[in-house]
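Encoded as structure tokens, the structure appears first; notes follow it.
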Amino acid sequence: MTKEYHEIDDIIVIHYKYSFGGQSRFFIELKNNKQIMGTKCPKCKTVYCPPRIACAKCYETTEWIPLKDTGEIKVSTLVWYSTSAFIQNIPYAVGYIQLDGASTAINQGIFSDNLVPSKVKPGKRVRAVFKKEREGKITDFFFVPIDEYDDWIQKPEFEGGKNG
Ligand SMILES: [Zn+2]
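Just so we're aligned: 110 in this note's numbering is position 78 of the sequence shown, and the numbers increase by one with no gaps anywhere.
Quick look at the structure:
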């Protein structure tokens with residue numbers, strides 16, 4: 033015997049804030065200065081991007097350092113399905129990008145006006161492009177193949193960083 037449940041559609045609205053805690057400076061610098069920041073361990077000199085507040089190897093408290101907005105794709109994949117937040121960008125790539133001067137790689141979107149797998153394969157050079165309307169979120173920037181950079185920063189909604 034199946035049970036019968038009475039259901040009513042309703043909506044819950046929740047307004048809330050969340051904190052980036054010790055990593056807040058990364059997002060503040062993105063928003064205010066189009067500057068990608070990393071952290072450096074004063075002991076073993078490992079440079080983390082995404083930043084870590086303490087070194088994963090020796091537990092020292094790290095120090096903030098500015099990084100260049102150029103780097104190399106270490107691994108990537110193409111995205112054909114997405115949530116509503118990114119559906120307008122399909123197809124695009126996501127990958128781990130090791131910025132010049134960093135020891136680790138950051139997971140980020142890689143956009144291309146003419147996306148083919150060979151453009152986003154490991155070893156390819158990329159550069160960060162920033163949204164003009166930045167909110168202090170990880171989506172304030174993305175990477176493009178280095179040979180498309182000049183075209184992307186000409187678009188009205190985007191601009192280049194200052195640290196290539
Ligand atoms: Zn260390």
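Virtual Cβ for every residue (Gly too), placed ideally from N, Cα, C. From a predicted model like this one, the values you see are computed outputs, not experimental measurements.
Compare the C-alpha of residue i against each of the options and name the closest.
| i | options | result |
| --- | --- | --- |
| alanine 117 | Ile170, Pro149 and Ala86 | Ile170 |
| valine 161 | Phe173, Gly155 and Pro154 | Phe173 |
| proline 74 | Glu104, Thr93, Ile122 and Asn64 | Thr93 |
| isoleucine 122 | Ile129, Gly103, Tyr128 and Ile142 | Ile142 |
| aspartate 132 | Tyr91, Lys106, Lys187 and Ser114 | Lys106 |
| alanine 125 | Ser108, Ser114, Ile119 and Tyr113 | Ser108 |
Could you tell me if the beta carbon of residue i falls within a distance shorter than 7 Å of some heavy atom in ligand 1?
| i | result |
| --- | --- |
| threonine 78 | yes |
| glutamate 95 | no |
| cysteine 81 | no |
| lysine 35 | no |
| lysine 89 | yes |
| glutamate 92 | yes |
| lysine 198 | Not covered by the structure: residue 198. The range shown for the chain is 33 to 196. |
| lysine 194 | no |
| lysine 75 | yes |
What first and last residue would you give for the alpha helix (DSSP H) that runs through residue i?
| i | result |
| --- | --- |
| leucine 62 | 56-65 |
How would you write the range of the beta strand (DSSP E) that residue i sits in, first residue to last?
| i | result |
| --- | --- |
| alanine 117 | Careful: alanine 117 lies outside any beta strand (DSSP E) and carries neither H nor E. |
| glutamine 147 | At residue 147 the sequence reads leucine, which differs from the glutamine that was named. Looking at the DSSP string, leucine 147 is not in any beta strand (DSSP E), and its letter there is neither H nor E. |
| valine 152 | Run containing valine 152: none; DSSP gives neither H nor E here. |
| alanine 125 | 124-131 |
| glycine 192 | 190-192 |
Beta strand (DSSP E) segments (min. 3 residues) lying fully within the region 158-182: 173-177
Cβ pair count under 8 Å reaching 3, the region 125-138 against the region 162-169: no
Given 8 Å, three or more beta-carbon pairs between the region 83-91 and the region 139-159: no
Cβ contact check for the region 178-185 and the region 152-159: 3 or more pairs under 8 Å: yes
Three or more C-beta pairs below 8 Å linking the region 95-106 and the region 64-84: yes
Alpha helix (DSSP H) segments (min. 4 residues) lying fully within the region 33-102: 56-65
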